[in-house]
Amino acid sequence: MSSSSMAQPISGKPALAIAVPDVSAVNAALWLTATTLVAALAYYFLGFDQGAVSVFGSDTHVHEYIHDARHFLGFPCH
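If you use our numbering, the sequence shown corresponds to residues 151 to 228, in order.
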């Protein structure tokens, strides 16, 4: 086999090129920061928003809204 026949796919059709997105370091850092912030907020509201460390004082609406999700994820709350 010659080297020119090795470059062609078996079907004879040209291979499809896959476009790779150009992601800069700054863009990746912004996405990582945003993802970390959202994850930290979700972790806080699921795991720690109750009692003395509640952002909303003695209001327990957030706690009661996600109460069953807390137990499903393994966070004890009472």
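Here a beta-carbon is modelled for each residue, glycine too, at the ideal position from N, C-alpha and C.
In the DSSP assignment, find the unbroken alpha helix (DSSP H) run with residue i in it and report its ends.
i, result
"F222", "217 to 222"
"G197", "175 to 197"
Alpha carbon to alpha carbon, how far is residue j from residue i? Give it in angstroms, no decimals.
i, j, result
"V176", "T183", "10 Å"
"P226", "Y194", "14 Å"
"H213", "D172", "42 Å"
"G207", "L191", "17 Å"
"T210", "A179", "35 Å"
"R220", "T185", "21 Å"
"G224", "W181", "28 Å"
"L166", "S174", "25 Å"
Assuming residue i and residue j are in contact, meaning their beta carbons sit under 8 Å apart, how far apart are those beta carbons, in whole angstroms?
i, j, result
"L187", "I216", "Contact doesn't hold; Cβ gap of about 19 Å is too wide."
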